[in-house]
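Below is one structure, written out as structure tokens; comments come after it.
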Amino acid sequence: MAKIVCKDLKKSYDGKTEVLAGINLEIQEGEFFILVGPSGCGKSTLLRIIAGLEGVSAGELIMDGKLANEMLPKDRNLTMVFQSYALYPHLSVRDNILFGLDVKKVAKDEQERRLAEAAELLGLTDYLDRKPRALSGGQRQRVALARSVCSQAPLCLMDEPLSNLDAKLRASMRVEIRRLQQRLGLTVVYVTHDQVEAMTMGDRIAVLSNGRIQQLGTPLELYNHPANEFVATFIGTPQMNMAIAEVQPEGLVLNDDVVVPLSAEDRAKLPAGTRWKVGFRPEQVYPATATSVHQVDVSVVSSEMMGNETLIFFNVGSELFTARWQGQHRVETGAALRVSLDPRYAHFFDVNTGALVRAAEDLDEQGARSTSVVDESLAARMEAAPAAPMA
Amino acid sequence: MALRSKRSLAGAEAAGAAAVAVPPKEAPGGKRSLAGWVYLLPSIAIFAIFVIYPFARTIITSFFATTPAGGLTQFIGLSNFITLFTDPLYTQAIANTLIYVVLTVPLTIVIALLLAVLTAQDLPGMGIFRTIFSATMGISVAAAAVFWNLLFNANSGVLNRIIEFFGGEGVGWLIDQNFALVSVSIISIWMNLGMAYLILLGAIKSIDDSYYESVDIVGGGFWYRLRRVTVPLISPSLFFVLTVTLISAFQSFGLIDMLTQGGPNNATVLLIYRLYRDAFVNFRIGSASAQGVILFIVIFAISYIQNKLTESKVTYQ
């Protein structure tokens with residue numbers, strides 16, 4: 001049975017503008033479910049409606065098979081981790097973790113047992129007598145998690161819990177939260193604006209924008225088959241390169257500027273005269289080789305060397321395109337670069353509605369599936385792959 | 001040999017110092033502190049003239065017999081103090097003051113806290129209540145004295161009319177010596193409510209919503225929220241209000257002077273009012289100074305005890 005079901009859920013504060021404009025989703029028991037979207041998309045509102053901290057304007061919220069529109073937060077058997085952690089400054093870590101258990105009439109020895117367990121699980125055993133202000137950001141985050149663990153509620157709601165941490169800590173807490181969820185078999189609904197968190201933590205992701213679900217699916221479904229232009233550009237960093245494209249006699253014209261030569265095979269798939277929005281993932285803008293059909297000469301605007309990879313920026317019409325190449329490539333600003341923009345790897349969107357018309361073919365440069373099982377042949381292939389030649 | 005090694009050591013030290021210490025570009029210590037004192041001078045001067053000198057002079061005067069103008073005539077040691085403590089009217093003033101403080105301070109804070117909690121939510125029309133509850137801040141003691149006098153009037157006052165309407169018997173609010181101190185306390189609570197309310201409201205409004213939402217999720221009720229969240233989180237403001245209200249209660253003067261002048265039968269003579277009468281009506285400056293010193297010691301001691309008792313309960317974020 002689904003843990004949480006939203007049926008055409010709507011929320012409006014003033015009766016005119018809809019913060020949530022008809023949300024339909026099902027969250028399964030034991031699932032790590034992510035609500036992701038830009039600020040103001042309604043994701044936090046949806047989470048607070050699930051928590052019972054906000055009311056529903058229209059539609060149904062069903063939890064554990066019961067209509068929960070009017071149910072009080074305390075009757076929903078859930079916990080919530082807030083962005084601010086909601087740690088009480090006057091209480092020690094111990095009392096912060098145990099906060100609320102007295103209301104739920106949990107016996108003292110049971111409280112102690114849960115405390116010991118949660119503190120052990122989150123590595124807080126040595127800090128139980130400290131006040132929150134004597135803790136680091138990561139430790140405070142752990143105390144907030146420990147409070148949730150202690151309540152033993154099967155559903156945990158998290159509202160951007162990692163946004164106050166530095167990048168390194170965030171990466172390690174991502175793993176820790178995911179591990180905790182799997183170990184305790186929790187159902188987690190997790191709100192974030194960070195698509196990296198969404199991709200790495202979620203079993204399933206709902207991408208929200210303007211109060212609507214743009215797409216709902218597993219991380220790779222969203223990445224490989226984005227339902228529309230919004231999802232395509234929202235998921236993935238650096239973001240997908242977008243351009244207006246049209247097939248003309250000389251090839252695929254991008255932003256009325258760059259012409260990508262097309263093979264007969266390509267032309268068979270792409271009807272002439274139609275305009276699309278076309279999107280190339282940065283990692284699929286390859287350096288052109290001697291045999292490349294889809295080679296394009298561009299001029300480098302700038303480049304960023306990250307050590308393990310290099311980002312190269314160039315103009316396609318008025319749009320700045322990014323190429324992401326493995327390894328270190330020294331590219332001068334203004335240098336001429338020959339890249340391959342293969343339409344097989346491009347996503348085609350309707351130019352007016354932004355809806356997906358044709359997803360990228362599920363291929364990488366070698367013609368293998370881009371998501372593959374890790375086995376020996378893959379290892380051999382990765383090792384044998386030569387460093388990309390310089391343009 | 002020793003000399004050479006010493007020299008080389010000094011050289012190394014100099015090199016080390018040159019590498020580490022960048023001499024700060026600022027005036028040498030003496031000049032700097034002098035400039036600091038010059039900047040402080042105006043406030044030090046004002047403080048000295050209006051606080052330190054009168055304070056010192058009061059302490060000295062309290063050990064002397066004085067002329068009505070305050071001139072010192074003869075050193076009499078603790079006589080002023082002994083006379084005061086053997087005066088039953090003065091010990092009554094002490095008792096009155098303590099009763100007045102115990103009646104007004106806790107009630108002011110509890111009522112202000114409850115009103116602040118009730119009006120902290122942002123509901124439509126809440127601004128009206130907030131304005132009403134903090135309005136006493138803008139009312140002068142003189143104006144308050146006038147209309148409370150009307151309300152408390154034993155014959156035509158509204159309060160007695162109400163009591164009589166319900167079949168009770170009217171009370172001589174300000175003219176009955178058993179009631180006068182209570183009546184003055186009621187007015188004082190009402191007067192001080194606005195300030196305390198506003199400070200506590202501000203503190204409550206600054207509490208992050210997530211603290212309360214956490215309580216909602218576990219299912220704590222009104223008292224749980226108040227006890228576990230609101231009071232601890234506004235403890236610095238509560239502490240401030242407590243201290244200020246306590247000290248101002250010991251120094252209540254205006255209402256007494258305008259409503260009862262200490263009467264009936266000295267029932268509302270507080271320490272500060274007695275001091276005023278001795279200093280500016282009877283011109284017994286020596287005794288008045290001694291009373292000032294006593295009042296200072298009492299306020300200091302009570303504030304100190306209060307501070308110690310509440311210290312561990314106050315959490316600054």
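Protein chains in written order, with the working numbering: chain A, 1 to 391; chain B, 1 to 317.
Just so it is clear, CB atoms sit at the ideal spot from N, CA and C, and this is done for glycine as well.
Which of helix, strand or coil does DSSP assign to A:T233? Counted from its first residue, the first sequence places residue 233 of chain A at position 233. In the structure shown, A:T233 sits in a helix (DSSP, three-state: H, G or I).
Just tell me which of A:S151, A:P154, A:V149, A:T200 has its CA closest to the CA of A:S172. Within the first sequence, the letter at position 172 stands for residue 172 of chain A. A:S172 has its Cα closest to that of A:T200, out of A:S151, A:P154, A:V149, A:T200.
Backbone CA spacing between A:V231 and A:L320 [nearest angstrom]: Here residue 231 of chain A refers to the residue found at position 231 of the first sequence. Here residue 320 of chain A refers to the residue found at position 320 of the first sequence. Distance between the alpha carbons of A:V231 and A:L320 is about 19 Å.
Inter-residue Cα distance where the pair is B:V141 and B:N80: Against the second sequence, residue 141 of chain B aligns to sequence position 141. Against the second sequence, residue 80 of chain B aligns to sequence position 80. Near 32 Å, if we compare the C-alpha coordinates of B:N80 and B:V141.
Host alpha helix (DSSP H) of A:M199 (start-end): Within the first sequence, residue 199 of chain A is the residue found at index 199, counting from 1. Element bounds for A:M199: 195-201.
Applying a beta-carbon distance threshold of less than 8 Å, which residues of chain A neighbour B:Y224? As a position in the second sequence, residue 224 of chain B is number 224, starting the count at 1. Going along chain A in sequence order, the residues near B:Y224 (Cβ under 8 Å) are V103.
What three-state label does DSSP hand A:K11 in the structure shown? One-based indexing of the first sequence puts residue 11 of chain A at position 11. Strand.
Counting only beta-carbon separations shorter than 8 Å, does A:T79 have a partner in chain B? Looking up residue 79 of chain A in the first sequence gives position 79. Closer than 8 Å to some Cβ of chain B, the Cβ of A:T79 qualifies, so yes.
Buried or exposed: A:E31, going by 16 or more other Cβ atoms within 10 Å of its Cβ? As a position in the first sequence, residue 31 of chain A is number 31, starting the count at 1. Classification for A:E31: buried.
Between which two residues does the alpha helix (DSSP H) carrying B:D209 extend? Locating residue 209 of chain B in the second sequence gives position 209, where the first residue counts as 1. 209-218 is the span of the alpha helix (DSSP H), which, as asked, contains B:D209.
Secondary structure at A:L20, three-state DSSP: helix, strand or coil? One-based indexing of the first sequence puts residue 20 of chain A at position 20. Correct three-state label for A:L20: strand.
Test: B:S33 CB closer than 8 Å to a CB of chain A: As a working mapping, residue 33 of chain B is identified with position 33 in the second sequence. Not an interface residue.
Relative to the C-alpha of B:I139, which candidate in B:F129, B:F63, B:D209, B:L255 has its C-alpha closest? On the second sequence, position 139 is the one that residue 139 of chain B refers to. The shortest Cα separation from B:I139 among B:F129, B:F63, B:D209, B:L255 belongs to B:L255.
Would you say A:S84 reaches chain B, if we count a Cβ-Cβ gap shorter than 8 Å as a contact? Residue mapping note: residue 84 of chain A aligns to position 84 of the first sequence, counting from 1. Answer yes: the Cβ-Cβ gap between A:S84 and chain B drops below 8 Å somewhere.
Taking only runs that begin and end inside the region 106-165 of chain A, name each unbroken alpha helix (DSSP H) of 4 or more residues, in chain order. 108-122, 137-151
Going by C-alpha to C-alpha distance, which of A:G59, A:D194, A:L145 sits closest to A:S12? For the purposes of this step, residue 12 of chain A is taken as residue 12 along the first sequence, with counting starting at 1. Per the Cα distances, A:G59.
Closer than 9 Å, Cβ to any Cβ of chain A: which residues of the region 213-247 of chain B, in chain order? E213, S214, V215, D216, I217, V218, G219, G220, G221, Y224, R228, V229, P232, L233, S235
B:I352 and B:T245 look like a contact to me (Cβ under 8 Å); what is the Cβ gap, rounded to whole Å? As shown, chain B starts at 1 and ends at 317. That puts residue 352 of chain B outside it, with no answer to give.
At a Cβ threshold of 8 Å, is A:A51 touching chain B? Position 51 of the first sequence, counted from the first residue, corresponds to residue 51 of chain A. True, the Cβ-Cβ gap to chain B drops below 8 Å.
Terminal residues of the continuous beta strand (DSSP E) containing A:Y190? Counting from 1 along the first sequence, the entry for residue 190 of chain A is found at position 190. Where A:Y190 is concerned, the enclosing beta strand (DSSP E) stretches over 187-192.
Would you report the Cα separation of A:G15 and A:C156, rounded to the nearest angstrom? Here residue 15 of chain A corresponds to residue number 15 of the first sequence, with the count starting at 1. Here residue 156 of chain A corresponds to residue number 156 of the first sequence, with the count starting at 1. Rounded to whole angstroms, A:G15 to A:C156 spans 30 Å at the Cα level.
Three-state secondary structure (DSSP) at B:L226? Counting from 1 along the second sequence, the entry for residue 226 of chain B is found at position 226. Three-state result, B:L226: helix.
Count the other CB atoms, across all protein chains shown, that sit within 10 Å of the CB of A:Q284; report buried if there are 16 or more and exposed otherwise. Start at 1 with the first residue of the first sequence, and residue 284 of chain A comes out as number 284. Classification for A:Q284: buried.
Can you name, in chain order, every residue of its own chain whose Cβ lies under 8 Å from the Cβ of A:Y223, other than the five neighbours on each side? Within the first sequence, numbered from 1, the residue matching residue 223 of chain A stands at position 223. Answer for A:Y223: M199, I235, G236, listed in chain order.
With a floor of 4 residues, list each alpha helix (DSSP H) that falls wholly inside the region 66-106 of chain A, ordered by position along the chain. 93-98
Beta carbon of A:V296, beta carbon of A:V260: below 8 Å? For the purposes of this step, residue 296 of chain A is taken as residue 296 along the first sequence, with counting starting at 1. For the purposes of this step, residue 260 of chain A is taken as residue 260 along the first sequence, with counting starting at 1. Yes.
Taking A:A245 as the reference, give the member of A:H225, A:T233, A:G138, A:G273 with the closest Cα. Within the first sequence, the letter at position 245 stands for residue 245 of chain A. Closest by alpha carbon: A:G273.
Chain-ordered chain D contacts of B:S210 [CB-CB under 7 Å]: Absence of chain D from the displayed structure is noted, the protein chains being A and B.
In chain order, what are the residue ranges of uninterrupted alpha helix (DSSP H) at least 4 long that sit wholly in the region 113-198 of chain B? 126-134, 141-152, 158-165
Relative to the C-alpha of A:V293, which residue among A:S263, A:T322, A:E304, A:E309 is closest? Position 293 of the first sequence, counting from 1, holds the residue named residue 293 of chain A. When each option's Cα is compared against that of A:V293, the closest is A:S263.
Short-range partners of chain B found in the region 189-219 of chain A, where Cβ spacing is below 9 Å: none
Would you mind stating whether A:L91 and A:F99 have Cβ atoms separated by less than 8 Å? In the first sequence, residue 91 of chain A corresponds to position 91, counting from 1. In the first sequence, residue 99 of chain A corresponds to position 99, counting from 1. Cβ atoms of A:L91 and A:F99: closer than 8 Å.
Residues bridged to A:E304 (per DSSP): Within the first sequence, the letter at position 304 stands for residue 304 of chain A. Paired residue(s): A:L311.
Any 3 or more C-beta pairs closer than 8 Å across the region 149-167 of chain A and the region 99-108 of chain A: yes
Is A:G100 close to chain B? Criterion is C-beta to C-beta, closer than 8 Å. The sequence position of residue 100 of chain A within the first sequence is 100, counting from 1. Taking Cβ atoms only, chain B reaches closer than 8 Å to A:G100, which makes this a yes.
Can you look up B:P42 in the DSSP assignment and give me helix, strand or coil? By one-based count along the second sequence, residue 42 of chain B stands at place 42. Helix.
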